[in-house]
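Under full-length UniProt numbering, the first residue of the sequence shown is numbered 1, with each subsequent residue one higher.
Report on the following structure.
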Amino acid sequence: TTGFSACKGDSGGSAMQKHGSQWVIEGVASYVSDCKTEKDSPPNVYVRVSAYLPWIKSIINR
Numbered sequence: 001t002t003g004f005s006a007c008k009g010d011s012g013g014s015a016m017q018k019h020g021s022q023w024v025i026e027g028v029a030s031y032v033s034d035c036k037t038e039k040d041s042p043p044n045v046y047v048r049v050s051a052y053l054p055w056i057k058s059i060i061n062r
């Protein structure tokens, strides 16, 4: 990792990964804890975008 993380208030933000020269949205922040670096702080939770692609495409194609 790069050491960067989502912080409180970043819910809905994207978790992106570079594939070759293209950036791809892999996840969307669902639950974000305070910006702490302690090991005992709760983890951030992301929703996997690919699990919702059929729904996303159905909304876009309306």
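Note that beta-carbon positions come from the ideal geometry of N, C-alpha and C, so glycine has one too.
In three-state terms, what does DSSP make of residue i?
{"i": "Ser58", "result": "helix"}
{"i": "Ser21", "result": "coil"}
{"i": "Ser14", "result": "strand"}
{"i": "Ala51", "result": "helix"}
{"i": "Ser41", "result": "coil"}
In its own chain, which residues sit with a C-beta less than 6 Å from the C-beta of residue i, not counting the 5 before and 5 after it?
{"i": "Ser58", "result": "none"}
Taking 8 Å as the limit between beta carbons, can you name the residues of its chain near residue i, skipping five residues before and five after?
{"i": "Gly12", "result": "Val28 and Ala29"}
{"i": "Lys18", "result": "Val24"}
{"i": "Lys8", "result": "Val32, Ser33, Asp34 and Cys35"}
Can you name, in chain order, every residue of its own chain whose Cβ lies under 7 Å from the Cβ of residue i, other than the five neighbours on each side?
{"i": "Ala6", "result": "Gly13, Ala29, Val32 and Asn44"}
What are the boundary residues of the beta strand (DSSP E) that residue i is part of?
{"i": "Tyr46", "result": "Val45 to Arg48"}
Is the Cβ of residue i closer than 7 Å to any Cβ of chain B?
{"i": "Lys18", "result": "Reference to chain B is not applicable here, since this structure consists of a single protein chain."}
May I ask you to check if the CB of residue i is nearer than 6 Å to at least one heavy atom of the ligand SAH?
{"i": "Ser58", "result": "What this structure holds is no ligand at all, so the ligand SAH is not there to describe."}
Problem set entry | Meets three-Cβ-pair contact criterion under 8 Å: the stretch 54-61 and the stretch 27-34 | no
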